[in-house]
Amino acid sequence: MWKKYVSLCVSAFFTCLNVCAQSAWMEWEEQIGEEANLSSWEELYENLSELAEHPFNINTVTKEELEQLPFLSDKMVENILYYVYKYGPLVSLNELWGVEGMDKQTQTFLKDFVYVGNSVEKQAFSWKNLWKYNKQEVWMRTDIPLNEKAGYADIPLGEEEKFASKRYYGDPYYLNLRYKFQFQQKVYVSLVVEKDAGEPFFNLYNRKGFDFYNASVQLNDFGKLHTLVLGNYKASFGYGLVMNMGFSMGKYTSFSTLNRAGKGLSKYTSMNEANYLQGAGASWKWKNRWLLTGFVSFRNQDATVDNKCITTLKTDGYHRLKKDMEKKNAVFNTLVGSNLTYDGKYFEGGFTAVYNVFNKVLNPVERLYNRYYPRGRYFYNVGVNYKWYKGKFVFSGETAVDKQGKIATLNQLTYSPVVNTSLIVINRYYDKKYQSLYANGFGENSRIQNETGLFIGLETSLLSRIKLLCYGDFFYFPWYRYLVDKKRTIGMEGVFQASYSPLNSLDMLIKYSYKNKAKNYQDTEESKLVLPNIRQRLHYQLTYSPLSFLRWKTVVEYVRSEVLKREASNGWVLGSSMKVDIPRLSLRTSLSGIWFHTQDYTLRVYMYEQGLLYAFSMMSLYGRGERWAWTMDYNWKKRLTFQVKWGWTHYRDRSAISSGAEEIQGNNKYDLQFQIRLKW
Numbered sequence: 017m018w019k020k021y022v023s024l025c026v027s028a029f030f031t032c033l034n035v036c037a038q039s040a041w042m043e044w045e046e047q048i049g050e051e052a053n054l055s056s057w058e059e060l061y062e063n064l065s066e067l068a069e070h071p072f073n074i075n076t077v078t079k080e081e082l083e084q085l086p087f088l089s090d091k092m093v094e095n096i097l098y099y100v101y102k103y104g105p106l107v108s109l110n111e112l113w114g115v116e117g118m119d120k121q122t123q124t125f126l127k128d129f130v131y132v133g134n135s136v137e138k139q140a141f142s143w144k145n146l147w148k149y150n151k152q153e154v155w156m157r158t159d160i161p162l163n164e165k166a167g168y169a170d171i172p173l174g175e176e177e178k179f180a181s182k183r184y185y186g187d188p189y190y191l192n193l194r195y196k197f198q199f200q201q202k203v204y205v206s207l208v209v210e211k212d213a214g215e216p217f218f219n220l221y222n223r224k225g226f227d228f229y230n231a232s233v234q235l236n237d238f239g240k241l242h243t244l245v246l247g248n249y250k251a252s253f254g255y256g257l258v259m260n261m262g263f264s265m266g267k268y269t270s271f272s273t274l275n276r277a278g279k280g281l282s283k284y285t286s287m288n289e290a291n292y293l294q295g296a297g298a299s300w301k302w303k304n305r306w307l308l309t310g311f312v313s314f315r316n317q318d319a320t321v322d323n324k325c326i327t328t329l330k331t332d333g334y335h336r337l338k339k340d341m342e343k344k345n346a347v348f349n350t351l352v353g354s355n356l357t358y359d360g361k362y363f364e365g366g367f368t369a370v371y372n373v374f375n376k377v378l379n380p381v382e383r384l385y386n387r388y389y390p391r392g393r394y395f396y397n398v399g400v401n402y403k404w405y406k407g408k409f410v411f412s413g414e415t416a417v418d419k420q421g422k423i424a425t426l427n428q429l430t431y432s433p434v435v436n437t438s439l440i441v442i443n444r445y446y447d448k449k450y451q452s453l454y455a456n457g458f459g460e461n462s463r464i465q466n467e468t469g470l471f472i473g474l475e476t477s478l479l480s481r482i483k484l485l486c487y488g489d490f491f492y493f494p495w496y497r498y499l500v501d502k503k504r505t506i507g508m509e510g511v512f513q514a515s516y517s518p519l520n521s522l523d524m525l526i527k528y529s530y531k532n533k534a535k536n537y538q539d540t541e542e543s544k545l546v547l548p549n550i551r552q553r554l555h556y557q558l559t560y561s562p563l564s565f566l567r568w569k570t571v572v573e574y575v576r577s578e579v580l581k582r583e584a585s586n587g588w589v590l591g592s593s594m595k596v597d598i599p600r601l602s603l604r605t606s607l608s609g610i611w612f613h614t615q616d617y618t619l620r621v622y623m624y625e626q627g628l629l630y631a632f633s634m635m636s637l638y639g640r641g642e643r644w645a646w647t648m649d650y651n652w653k654k655r656l657t658f659q660v661k662w663g664w665t666h667y668r669d670r671s672a673i674s675s676g677a678e679e680i681q682g683n684n685k686y687d688l689q690f691q692i693r694l695k696w
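Residue 17 is where the sequence shown starts when you use our numbering, and the numbers rise one by one after that.
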């Protein structure tokens, strides 16, 4: 009983004294409301963490560098560059208030990615300067298990064969190492190695050591050579209907990213073991307006193979169980692609072509919902993207076709009467038979297929301390979908969000979202219906920074799920956190707590939690319980950083956590992580 009272007292305390445990740009986590965004958000988090660790000099920053920041619109990028050009080198970041259209939120985010430096500090490339002015880093992270999972339990003598498919091959420790070499924005070299918990390490089926090796080299702006990538890399062109391995902010955040095309080739430094190419690519500049890109990839991929046919492509990257090892590197993929881009003053356009082939036939086990999924050995797609500026209007989009001649098209019109106000209309049509293995664009489905929709949105910050965002998205699916056994279903989503900053030290945000989407519903044991599933979410947060070293934050969220007035379930979440910086001791610490009460899994909520550097931490919570986390960072002379994180999740509605090989007996789950980084 005493534990319950202590927990309630501590929760109440932190609700009153809640301090945000993250940098300002991580406030984007409040925009995430759907599970489909999490994997892409993890990669964006890594990219932005790297940019925040190596900020741009505002006095020498380029258009391409600013365009890496997804909260900046094209017009804002232009205004920032014009301000620096017109008024000379900045001496303080507070001068950013003079940029036309600059609002408090944008300025707060931008401060994490830029600094004021000498306007002529960049050194010309030479081998001498390369070794003299480079920046290098090496860091190691490990996760220590504090609970025993079923996959590590001892196997009864004589029953080894029976439990072979449920027993992890390796130890329960997670380990990754990273090395990075950088010379300004021109040369990047990185090496990433990783061993997931449960994977063997220098034994059994993995005698080479780590399970995943990721090496990448990138060169930028060497004469006519715009970009050269070697090793593992990403490629993104147009608006994602042919090739997009980057991150699309989607409709959950600022509209500024919706009409921004992919930025071509880039290094790959993520731990994700599926979403990358392996080989080489290069881009050449021609007459300052044209950019020609060619790339090739050869790589093994995990897959389930049955009778020489690929039934599923495995993308989770785990190789812990016997069945995982059977799928490891089971197929080989070859990809060749090219892109030609024109970047004019009033018009931008591009042409992309991608061809890829497997050494086995891709043939998923047919179901109604996947009848038109990609099938065969080879695939190719061709797309044309375009962007036209006319006064206060911007028209942009992409149209693509596959090997069968099926079409996918996305077109959008943006009207900006002033720099900080945008009205956007997006129309999309993705044929139910359109096939592309590397497409990732705007839409409700996870695939660019089987969808028609109309999106209308408004974003404005006419008052410097008030920002509004609202939109409505109406979508139609002509064919069956996963867990929807009916053709021709419709749905809609609406969002209203307002943020208010009455003081520089005080921020408030309120967001309401409504989604109506068809889903299977089991009415009786004999009958199954397809009915509208309505999910509503009301989110409020308050952030207060009374002192420069202290930031407080409170989050309250209510969620409700209903199936056509037949069944309704509700959930509540109350979160708080505290962060304290002690510069004199080079120490930073944070403490956070979350109380959650939801009726079922359909009401699961996602809450960002302060984690280690480059380690994205988004908690998925459902049921009844609490979550506590503590982090501590120590920085010695800005060269050596030591980080530790401890977490505890306590459930009040179960006696076992998770299932299968991940099952933990009891209602408490603990986690402990360490990371050390050396810079020179």
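We put the beta carbon where it would ideally sit given N, CA and C, even for glycine.
Please list, in chain order, all residues of the same chain as residue i whose beta carbon is under 6 Å from its beta carbon, the five residues on each side excluded.
i: residue 161; result: 188
i: residue 692; result: 156 and 658
i: residue 193; result: 156 and 209
i: residue 231; result: 207 and 247
i: residue 617; result: 638
i: residue 497; result: 385
i: residue 166; result: 677 and 679
i: residue 579; result: 537, 547 and 549
i: residue 690; result: 158 and 660
i: residue 89; result: 272
i: residue 308; result: 300 and 356
i: residue 228; result: 210 and 289
My output table needs one value for residue i: the three-state DSSP class, helix, strand or coil.
i: residue 273; result: helix
i: residue 681; result: strand
i: residue 524; result: strand
i: residue 183; result: coil
i: residue 550; result: strand
i: residue 498; result: coil
i: residue 599; result: helix
i: residue 201; result: coil
For residue i, I'd like the list of residues in its chain whose CB is within less than 8 Å of its CB, leaving aside the five on either flank, ordered along the chain.
i: residue 23; result: With a pLDDT of 45 at residue 23, under the threshold of 50, the modelled position of this residue cannot be trusted, and the question is left open.
i: residue 422; result: 447, 449, 450 and 451
i: residue 202; result: 141, 235, 236, 237 and 238
i: residue 365; result: 357, 358, 400, 401, 402 and 403
i: residue 544; result: 501, 536, 537 and 538
i: residue 131; result: 71, 72, 73, 74 and 109
i: residue 495; result: 385, 387, 388, 448, 466 and 503
May I ask you to list the residues that DSSP assigns as paired with residue i?
i: residue 116; result: According to DSSP, which records beta bridges pairwise, residue 116 is partnered with nothing at all.
i: residue 396; result: 371
i: residue 584; result: 578
i: residue 163; result: Beta-bridge pairing links residue 163 to no other residue.
i: residue 326; result: 321 and 378
i: residue 609; result: 592 and 644
i: residue 63; result: In the DSSP output, where bridge partners are listed per residue, residue 63 has none listed.
i: residue 516; result: 482 and 524
i: residue 696; result: For residue 696, which the question treats as bridged, DSSP gives no partner whatsoever.
i: residue 706; result: Only positions 17 to 696 of the chain appear in the structure, and residue 706 is not among them; the question remains open.
Provide the residue span of the alpha helix (DSSP H) that contains residue i, from first to last.
i: residue 143; result: 143-148
i: residue 95; result: 90-103
i: residue 82; result: 79-82
Please list, in chain order, all residues of the same chain as residue i whose beta carbon is under 7 Å from its beta carbon, the five residues on each side excluded.
i: residue 467; result: 444, 446, 459, 460, 461, 491 and 493
i: residue 95; result: 115, 116, 117 and 435
i: residue 419; result: 395 and 396
Can you name the start and end residues of the beta strand (DSSP E) that residue i belongs to?
i: residue 648; result: 640-652
i: residue 487; result: 482-493
i: residue 442; result: 437-446
i: residue 340; result: Here residue 340 belongs to no beta strand (DSSP E); instead the alpha helix (DSSP H) covers 338-343.
i: residue 332; result: Note, residue 332: premise wrong, no beta strand (DSSP E); not H, not E.
i: residue 348; result: 347-359
i: residue 413; result: 409-418
Does the stretch 519-531 come close enough to the stretch 400-420 that 3 or more CB-CB pairs lie under 8 Å?
Contact annotation: the stretch 400-420 does not touch the stretch 519-531, with fewer than three C-beta pairs closer than 8 Å.
At a cut of 8 Å, does the stretch 530-539 reach the stretch 500-511 through at least three beta carbon pairs?
As far as the Cβ criterion goes, the stretch 530-539 touches the stretch 500-511, which means the pair count is three or higher.
So, does the stretch 343-354 touch the stretch 369-376, judging by three or more C-beta pairs under 8 Å?
A contact between stretches requires three or more CB pairs, one per stretch, nearer than 8 Å, and the stretch 343-354 meets this requirement with the stretch 369-376.
Quick check: the stretch 669-676 against the stretch 643-658, are at least 3 beta-carbon pairs closer than 8 Å?
The stretch 643-658, when compared against the stretch 669-676, does not touch it at the 8 Å Cβ threshold.
Should the stretch 295-303 be called in touch with the stretch 326-345, which here means at least 3 C-beta pairs below 8 Å?
Because the criterion of three Cβ pairs below 8 Å is not met, the stretch 295-303 and the stretch 326-345 do not touch.
Count the CB pairs spanning the stretch 243-262 and the stretch 277-297 that are closer than 8 Å, and state whether there are at least three.
With a cut-off of 8 Å on Cβ pairs, the stretch 243-262 is in contact with the stretch 277-297, counting three or more such pairs.
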